[in-house]
Ligand code: G3P
Ligand code: CA
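In the working numbering, the protein residues as written are 267 to 492.
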């Protein structure tokens, strides 16, 4: 079961910052998960919410702020809101990156950016299935993960339609039967966001292949098999 550091090692460092991603690299996790929005001037930036209010000392919607305005903000302990390229600079060739497209228009910019990093091991995930469809139109080979709270018939159908490899689900909705059912459609199940070792072991035992955790230091010790 592959351990993905959710927003980086976000239990130890401010989420979605270079410090959090560097910690995951140092831990040797299989991957990191991050969230992408577009700045007003069209630069993909790594931040979870659609505004900067919760995670920085600024305020306003990311889509209304230029990169320069975003980069002066403090994202915690002096960290900045990184661009996608800044994160790629530290993870390329080291671990896989789950790029969650949080705003559908960001998908095109993400594809341009990944093309600049030949050693980058990446996949794109999104709750915005049209963004995933767009990526598939642009790339026959892109690895796609369908994000959804649970394994609904609609989510499974979209996974088949776009040739996704993984349905990435909220962990408490997952059952062993679902893992088997989606396997018949060529899909596997990943989960978010699990910080508890007992839950993680049960999910591994029923066949979940990837787990997003805020606490990769703890989970990676137990599940270092990738
Ligand atoms: O990887 C999926 C997970 O990150 C989705 O939830 O809100 O943490 O982006 P959220
Ligand atoms: Ca996310």
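Every residue, glycine too, gets a C-beta built ideally from N, C-alpha and C. All figures in this text were calculated on a predicted structure; none of them were measured in a lab.
Cβ-Cβ distances below 8 Å link residue 316 to 303, 327, 328, 329, 368 and 369 in the same chain, with the five nearest sequence neighbours on each side left out; the list follows chain order. For residue 292, the enclosing alpha helix (DSSP H) starts and ends at 284-293. Secondary structure at residue 448: helix, using DSSP grouped into helix, strand and coil.
Residue pairing by DSSP puts residue 349 in a beta bridge opposite 311. Taking the Cβ of residue 413 as the reference point, at least one heavy atom of ligand 1 falls within a distance shorter than 7 Å. For residue 346, the closest of 296, 313 and 377 by C-alpha to C-alpha distance is 313.
Spanning the alpha carbons of residue 408 and residue 390 requires a straight line of approximately 8 Å. At least one heavy atom of ligand 1 sits closer than 7 Å to the Cβ of residue 364.
In this structure, residue 409 has its CB at a distance of at least 7 Å from all heavy atoms of ligand 1.
In the three-state reduction of the DSSP assignment, residue 459 falls in the coil class. Every unbroken stretch of the alpha helix (DSSP H) spanning 4 or more residues and falling wholly within the region 372-422 is given here in chain order: 372-381 and 395-404. Beta bridge pairing from DSSP links residue 434 with 413 and 456.
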